[in-house]
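Undergrad: Sharing a structure with you now.
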């Protein structure tokens, strides 16, 4: 069997034109693992309300962060893929869960190269229904329909892998070196609380009560909240951060249902009101800078901080195309490729 790798990130509109943004948002928000409502209710919400109001606003946000080469998320993902491809012994393809760079195209690219054993790498450190799960579910559906002789395996959530923790810690330390800051905020993409409960394989452990994430359970294998807090804890230990000088929050909530708290925007506002003048923020749910990091955090977050009296707001870049990050991915690929084929 010929082996190959499919790296998968979230995706992006083809351009900042509201029509392209609307098309992208439609695909994204109609995913039943993103907005997990019954089809009729989801359709009424997305197509009846959101797609009639949000595309112009989102297009304006994309215009703020768009590069000459295109979407930052796509450009950075392509550069990372190229680096990993150069470092490994097997072909590497890149796909997006949403948008024109589809998973089907990525699988077809590998198939055309004779690959029939694919290592799927969701580019998300933590597992969530709306990220890793939706990628793997779709990839397996496409395999059954289009590539019946292709085998798929996937990289598990790597939030606590020593290699990842080391690279993430180094990236933060480099940015903070010599910086006089009072608090470091770890901001993760938010999800509805019900997603946490739906992902609970025990059906009873995840109560989101402040203690369940610290109590050992097999539910943690798929618990996004636990994995976010564990990422923060591990990096805090690696950097020897003092208790009280760093914390965790969740950004990008949508709608009126309860989402994971504390909310990032309100946390930034609270810091400023409590007299914190210098803060730094890192976004470890993302490995590539994108709309949520470049606009929501680096622009809107900083504006909120300054409005309530904050002075210095330092945004720490995602891992993006760091050499040490590419080397880690390449090493994981080579370790997988070196495994003997099952009889």
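In my numbering, the protein residues as written are 481 to 823. Glycine included, C-beta positions come from ideal geometry on N, C-alpha and C. Since this is a predicted model, take the numbers as computed values, not measurements.
Does the separation of the CB atoms of residue 756 and residue 781 fall below 8 angstroms?
TA: It is not a contact, given that the beta carbons lie outside the stated cut-off.
Undergrad: Work out the CA separation of residue 517 and residue 758 for me, nearest whole Å.
TA: C-alpha separation (whole angstroms): 41 angstroms.
Undergrad: When DSSP labels each residue in this structure, what does residue 528 get in the three-state scheme?
TA: DSSP places residue 528 in helix when its eight states are reduced to three.
Undergrad: According to DSSP, what are the bridge partners of residue 483?
TA: DSSP lists 597 as partners of residue 483.
Undergrad: Could you give the distance in angstroms between the alpha-carbon of residue 783 and the alpha-carbon of residue 734?
TA: Roughly 20 angstroms between the two C-alpha positions.
Undergrad: Please list the terminal residues of the continuous beta strand (DSSP E) segment that includes residue 663.
TA: Element bounds for residue 663: 663 to 669.
Undergrad: Around the C-beta of residue 558, are 16 or more other C-beta atoms found within 10 angstroms, so that it is buried, or is it exposed?
TA: Buried.
Undergrad: I'd like the list of long-range same chain contacts for residue 569, defined as Cβ closer than 7 angstroms, with 5 residues on each side in sequence excluded.
TA: Closer than 7 angstroms at the Cβ level, and outside the excluded window around residue 569, lie 814 and 817.
Undergrad: Which one of 729, 537 and 487 has the shortest CA to CA distance from residue 585?
TA: Of the candidates 729, 537 and 487, the one whose C-alpha sits nearest the C-alpha of residue 585 is 487.
Undergrad: State the start and end residues of the unbroken beta strand (DSSP E) segment that holds residue 727.
TA: Residue 727 -> beta strand (DSSP E) spans 726 to 731.
Undergrad: Quick check for students: name the residue ranges of the beta strand (DSSP E) that lie wholly in the segment 694 to 749, counting only runs of 3 or more.
TA: The qualifying runs are 726 to 731.
Undergrad: Taking the alpha-carbon of residue 660 as reference, which of 791, 550 and 798 has the nearest alpha-carbon?
TA: Looking at the Cα atoms, 791 is the closest of the given residues.
Undergrad: For the 8 angstroms Cβ check, are there 3 or more pairs between the segment 648 to 666 and the segment 721 to 730?
TA: Touching, per the Cβ criterion.
Undergrad: I need the DSSP call for residue 508, collapsed to helix, strand or coil.
TA: Residue state, collapsed to three classes: helix.
Undergrad: Mind checking which residues open and close the beta strand (DSSP E) that includes residue 802?
TA: It is not in any beta strand (DSSP E) - residue 802 carries neither H nor E in the DSSP assignment.
Undergrad: List, from N- to C-terminal side, the alpha helix (DSSP H) runs of 4 residues or more that fit wholly inside the segment 572 to 639.
TA: Complete alpha helix (DSSP H) runs here, min 4: 583 to 592 and 614 to 626.
Undergrad: Between the C-alpha atoms of residue 785 and residue 705, what's the straight-line distance to the nearest angstrom?
TA: If you take the alpha carbons of residue 785 and residue 705, they lie about 25 angstroms apart.
Undergrad: Please return the same chain residues whose Cβ sits closer than 7 angstroms to the Cβ of residue 823, not counting the five positions on each side in sequence.
TA: Residue confidence is low: residue 823 scores 42 on pLDDT, short of 50, so the model does not pin down where it sits. Its coordinate-derived value is still stated next. Once the five neighbours on either side are set aside, residue 823 has no close Cβ partner at all.
Undergrad: To the nearest angstrom, report how far apart residue 686 and residue 692 are at their CA atoms.
TA: So the alpha carbons of these two residues sit roughly 6 angstroms apart.
Undergrad: Spell out a yes or no on whether the segment 598 to 614 and the segment 486 to 500 are touching, meaning 3 or more CB-CB pairs, one atom from each, closer than 8 angstroms.
TA: They touch, by the three-pair rule.
Undergrad: Would you mind reading off the limits of the beta strand (DSSP E) that contains residue 683?
TA: Residue 683 -> no beta strand (DSSP E), and no H or E assigned at all.
Undergrad: Report the three-state DSSP secondary structure of residue 489 (helix, strand or coil).
TA: Strand at residue 489.
Undergrad: What is the DSSP secondary structure of residue 550, counted as helix, strand or coil?
TA: In this structure, residue 550 counts as strand in the three-state DSSP scheme.
Undergrad: One question on the structure: do residue 592 and residue 481 come within less than 8 angstroms of each other, judged by their Cβ atoms?
TA: Against a cut-off of 8 angstroms, the Cβ pair of residue 481 and residue 592 comes out as no contact.
Undergrad: Which residue's Cα is closest to the Cα of residue 619: 657, 648 and 576?
TA: Selected option, being the one with the closest Cα: 576.
Undergrad: Just to confirm my understanding: we take residue 768, look at its own chain, exclude 5 residues before and 5 after, and list those with CB closer than 8 angstroms. What are they?
TA: Excluding sequence neighbours, residue 768 sits near 489, 552, 553, 556, 557, 560, 603, 798, 799 and 800.
Undergrad: Where does the unbroken beta strand (DSSP E) through residue 762 begin, and where does it stop?
TA: Unbroken beta strand (DSSP E) run through residue 762: 758 to 762.
Undergrad: Between the C-alpha atoms of residue 743 and residue 678, what's the straight-line distance to the nearest angstrom?
TA: Distance between the alpha carbons of residue 743 and residue 678 is about 21 angstroms.
Undergrad: If you drop the 5 nearest sequence neighbours on each side, which residues of the same chain put their C-beta closer than 7 angstroms to that of residue 682?
TA: Around residue 682: 697, 698 and 699.
Undergrad: Does residue 515 come out as helix, strand or coil in the three-state DSSP assignment?
TA: Three-state DSSP puts residue 515 in coil, outside helix and strand.
Undergrad: In terms of alpha-carbon separation, which member of 622, 644, 684 and 820 lies closest to residue 804?
TA: Nearest C-alpha to residue 804: 644.
Undergrad: Keeping to the same chain, check which residues put their C-beta closer than 7 angstroms to that of residue 720; ignore five residues upstream and five downstream.
TA: Closer than 7 angstroms at Cβ, skipping near neighbours: no residue.
Undergrad: Hey, residue 595 and residue 628 are a contact pair by Cβ (cut 8 angstroms); roughly how many whole angstroms apart?
TA: About 14 angstroms; that fails the 8 angstroms criterion.
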